[in-house]
Amino acid sequence: MAGGTPIEITDPADPRIAEFTDIRERDLTGRHGQFIAEGTVVLSMLAKAQAAGGDVVAEKLLILKNRLAGLSELRERFPADIPVYIAEAPVLDAIAGFHLHRGVLALGRRLPPPDIAERIASLPNDALVLVGCGISNHDNIGSLFRNAAGFTADAVLLDETCCDPLYRKALRVSVGSVLTMPYGRQGSAEELLGALASAGFEIWALSPAGKVEIGAIAPGRRVALVMGTEGEGLPEAILNRFRSARIAQAPGLDSLNVGTASGIALYAIARAMGRLG
């Protein structure tokens, strides 16, 4: 069981839990490879990823004191050397800087990931990849990862202008899928898609003005679905360079939410590739 005997924190300024202080402010300033996982579902995914030898590890847990007894099974899924800290609700809220009704936190760290070229080279010959370009909304990033996991994608690749998927809200929206889905975030959209094309991927850029309806695509063995930011969408240079697809929708609507669109597109392509029963 993680941490053995829990260590009670009575002072919000205790240096042993410094990484958990002022969570929202530190979310904005960055954590340099560390991240905060919140809630039992996300912590379960963190434990699963670590046990499977993934890119992430847990460093410490912070739990509301009156929830400790009910979390023994979850704690047992973490390595025994990870310290577990507990605190009463007023102390926990003072540490976090807001009312933390879930009462279950972990400090995690992402190990140095492979670069994009290595990530692409490691993908199987029949891979399905979801690509995000310029997506700056953390809810949308979380939705991309949840959809990718749900519809059997092998990886999520993001260009350098996308927001960090390890942001606490993105992790929560993804229900922890960010921690188990292989991903990379590096380089420009053009560089990323060029690398995928060179690796034999059939690239489909999603746009309301796409030339082929998503359900009519007969995909090849390796497919990359490309999503752009809401509003502006994908740059014309990408739409002109690669094949484009659209999702049929009612007239008069500008576009679907990128989370919704990615789910529909992934379902259609994954099913056409024989990945879904």
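For the sequence shown, the numbering used here assigns the number 303 to the last residue and increments by one with no breaks.
Backbone N, C-alpha and C define an ideal beta-carbon position, used for all residues, glycine too.
Item checked: Local conformation of residue 60 per DSSP, three classes -> Strand at residue 60.
Check: Looking at the unbroken beta strand (DSSP E) that takes in residue 270, where does it start and where does it end?
Finding: Per DSSP, the unbroken beta strand (DSSP E) holding residue 270 starts and ends at 269-272.
Margin query: Here's the rule: buried if 16 or more other CB atoms are within 10 angstroms of the residue's CB, otherwise exposed. What is residue 275?
Written below: Classification for residue 275: exposed.
Next item on the list: Evaluate contact between the segment 199-212 and the segment 138-147, counting only Cβ atoms and requiring at least three cross-stretch pairs below 8 Å.
Entry: The segment 199-212 vs the segment 138-147: in contact.
Checklist line | residue 89: first and last residue of the uninterrupted beta strand (DSSP E) it sits in | finding: DSSP places residue 89 inside the beta strand (DSSP E), whose first and last residues are 82-90.
Margin query: Does the structure place the segment 129-142 close enough to the segment 90-97 that three or more beta carbon pairs sit under 8 Å?
Written below: Touching, yes.
Margin query: Would you say the beta carbon of residue 47 is closer than 8 Å to some non-hydrogen atom of the ligand HEM?
Written below: Among the components modelled here there is no ligand, and therefore nothing to report on the ligand HEM.
Next item on the list: Can you grab the Cα-Cα spacing for the pair residue 83 / residue 44, in whole Å?
Entry: A direct Cα-Cα distance of roughly 18 Å separates residue 83 from residue 44.
Note to self: Check this for me: beta carbons of residue 111 and residue 64, under 9 Å apart or not?
What the structure shows: Going by C-beta atoms, residue 111 is not nearer than 9 Å to residue 64.
Margin query: Does residue 71 come out as helix, strand or coil in the three-state DSSP assignment?
Written below: In this structure, residue 71 counts as helix in the three-state DSSP scheme.
Check: Pick from 138, 67, 80 and 108: whose alpha carbon is nearest that of residue 32?
Finding: Checked all of 138, 67, 80 and 108; the closest Cα to residue 32 is 108.
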